[in-house]
Amino acid sequence: TVGCVALDNQGNLAAGTSTGGMTNKKFGRIGDSPIIGAGTYANNASVAVSCTGWGEFYIRNVVAYDVAALMDYRGLTVEEAAETALAKVAKSGGNGGLIALDKEGNLAMPFNTSGMYRGAISAEGELEVAIFK
Amino acid sequence: KKYVLVIHGGAGTIEPSRMTPELEQAYKAKLKEALTVGYEIIQKDGSALDAVEKTIQVLEDSPLFNAGKGAVFTHEGKNELDAAIMDGESLRAGAVAGVKIVRNPISAARAVMEKSEHVLLARDGAEDFARQVGLTMVDPSYFYTKERWDGLQKALQQEAVQKKANETAVKLGGGHHDDKFG
């Protein structure tokens, strides 16, 4: 799965996710990536989120929307909200990660697998990429 | 620090032993290339939506990631691709699921959002829609990589072993597999 979240100069957020799904999937199985609110979500009022991992756990926990809701209703920071939402995936037996970017340009990139291909770029063009923790 | 673009290329069991310095370099170079494409759009006052689509296209076109070219294979040896996109300003969203001949599924997701009344279209219907709105269509073999094909063979072998172990469960129409791959 690949994903991207962006904040433009007009203050608009957007999120996108694309995937081949899970190796050896059967019966037309679909994970969280194409399910709005589970694997992909964006709202200018709070955050843009893209998820990657064991899809069924992201769908059942509505992870992408949960990050926005935690920021909206409980006033959590993007980092607190992302950690809290991802912890529900781990607690229910799933794994994976997510990227989140809020309307001020704060980011969160939590994951609970051995690694996650990830990268970010600041408004000044400072570029960061990483794979392992 | 104010960030304007964040990407991920999947989270999974990335074994350090398999990650040669050359492969790590290739992954990092592709992540940087994707970030740069999106950043240039933002710098020119382009929309976050454009930045997301174009950045993901770079990753979909790379065989390194499980999306577009280089996607994993289904039990039947096919590549069935899913994608979604959402616009934070209007709360519009679009998605496609199970498409096999659309080169850039993220663009199909965006077309569903912008050129239809729907949010999610699936399988051959989604492919018909993508073709009607003029997206690039490819032969299914476009998505093939040996590494992913070998990944399927390994999963099938593991499944065969497990099948033998819990014959009864499988007989009950799918049964209960502990293994998430399958």
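Line order of the protein sequences matches chains Y and P. Yeah, the first sequence ends on 136 if you go by this note's numbering, and it's all consecutive. Yeah, the second sequence ends on 193 if you go by this note's numbering, and it's all consecutive. Even glycine gets a Cβ: it sits at the ideal position worked out from N, Cα and C.
Cut-off 6 Å between Cβ atoms - residues of its own chain near R134(P), not counting five sequence neighbours on either side: G109, listed in sequence order.
Three-state class that DSSP yields for M124(P) in the structure shown: Under the three-state reduction of DSSP output, M124(P) falls in the helix class.
T87(Y) beta carbon less than 7 Å from that of N98(Y): No, they are not a contact pair.
Whether A2(Y) touches G99(P) by CB criterion (7 Å): This structure cannot settle anything about residue 2(Y), because the visible part of chain Y is limited to 4 through 136.
Within 7 Å, strictly: CB atoms of N109(Y) and V81(Y): Yes; because the gap between Cβ atoms is below 7 Å, this pair is in contact.
Under 8 Å from the C-beta of A62(P): neighbouring residues of chain Y: A62(P) reaches chain Y at C7, A9, D11 and A17, counting residues in chain order whose Cβ is nearer than 8 Å.
CB contact below 7 Å: I62(Y) versus chain P: No, no contact with chain P.
Chain P contact for P113(Y) (CB, 7 Å cutoff): At least 7 Å separates the CB of P113(Y) from every CB of chain P.
For I96(P), the nearest candidate out of I18(P), G79(P), H86(P) and I117(P) (CA to CA): Of the listed residues, the one whose Cα sits closest to I96(P) is I117(P).
Any C-beta of chain P under 7 Å from that of R121(Y): For R121(Y), the answer is yes, since a Cβ of chain P falls inside 7 Å of its Cβ.
Bridge partners - V8(Y), DSSP secondary structure assignment: Note: V8(Y) sits in a beta bridge opposite A18(Y) and V17(P).
Closest Cα partner of E138(P) within the set F154(P), L92(P), E125(P) and S152(P): The closest CA to that of E138(P), considering only F154(P), L92(P), E125(P) and S152(P), is found on L92(P).
For L132(P): DSSP bridge partner residues: L132(P) is bridged by DSSP to V107(P).
Supposed contact pair S36(Y) and H19(P) - C-beta distance, whole angstroms, cut 8 Å: Between S36(Y) and H19(P) the Cβ distance is about 12 Å, and since that is not below 8 Å, they are no contact.
Any 3 or more C-beta pairs closer than 8 Å across the segment 75 to 85 of chain P and the segment 149 to 164 of chain P: The answer is yes - the segment 149 to 164 of chain P touches the segment 75 to 85 of chain P, with three or more Cβ pairs under 8 Å.
Interface flag, A37(P) vs chain Y, CB-CB below 7 Å: Closer than 7 Å: no.
Interfacial residues, the segment 63 to 84 of chain P to chain Y, with Cβ spacing under 8 Å: Within the segment 63 to 84 of chain P, the qualifying residues are V63, E64, T66, I67, L70, E71, F76, N77, A78, G79, G81, A82, V83 and F84.
Where the beta strand (DSSP E) containing V132(Y) begins and where it ends: Note, V132(Y): beta strand (DSSP E), L130 to F135.
Beta-carbon separation (whole angstroms), G25(Y) vs G34(Y), contact threshold 8 Å: One point to set straight first is that residue 25(Y) is Met, not Gly, in the sequence displayed. Indeed they touch by this definition, with Cβ atoms about 6 Å apart.
C-alpha gap between Q235(P) and S101(P), whole angstroms: Residue numbering for chain P in the displayed model covers 12 to 193; residue 235(P) lies beyond these limits and cannot be assessed.
R32(Y) - DSSP class collapsed to helix/strand/coil: R32(Y): coil per DSSP, three-state reduction.
Contiguous alpha helix (DSSP H) assignments of at least 4 residues, all confined to the segment 33 to 81 of chain P: Runs of the alpha helix (DSSP H) inside the segment 33 to 81 of chain P: 59 to 72.
Rounded C-alpha distance that separates A48(Y) from L46(P): If you take the alpha carbons of A48(Y) and L46(P), they lie about 24 Å apart.
Whole-Å CB distance - R114(P) paired with T147(P), under 8 Å assumed: R114(P) to T147(P), Cβ: 4 Å. Contact.
As assigned by DSSP and simplified to three states, the class of F114(Y): The DSSP-derived three-state label of F114(Y) is strand.
Nearest-angstrom beta carbon gap, V69(P) and V48(P) [assumed within contact, 8 Å]: Contact annotation, V48(P) with V69(P): C-beta distance approximately 5 Å; criterion of less than 8 Å satisfied.
Neighbour list for A141(P) in chain Y, Cβ cutoff strictly below 9 Å: The contacting residues do not exist; A141(P) stays about 14 Å from chain Y at best.
Terminal residues of the alpha helix (DSSP H) in which L92(P) lies: L92(P) -> not in any alpha helix (DSSP H); beta strand (DSSP E) instead, spanning L92 to D98.
T43(Y) (DSSP reduced to helix, strand or coil): In this structure, T43(Y) counts as strand in the three-state DSSP scheme.
First and last residue of the uninterrupted alpha helix (DSSP H) at I62(Y): DSSP places I62(Y) inside the alpha helix (DSSP H), whose first and last residues are G58 to N64.
Chain-ordered chain Y contacts of L46(P) [CB-CB under 7 Å]: G122, I124 and L130, listed in chain order.
C-beta neighbour in chain Y for K43(P), strict 7 Å: The C-beta of K43(P) comes closer than 7 Å to at least one C-beta of chain Y.
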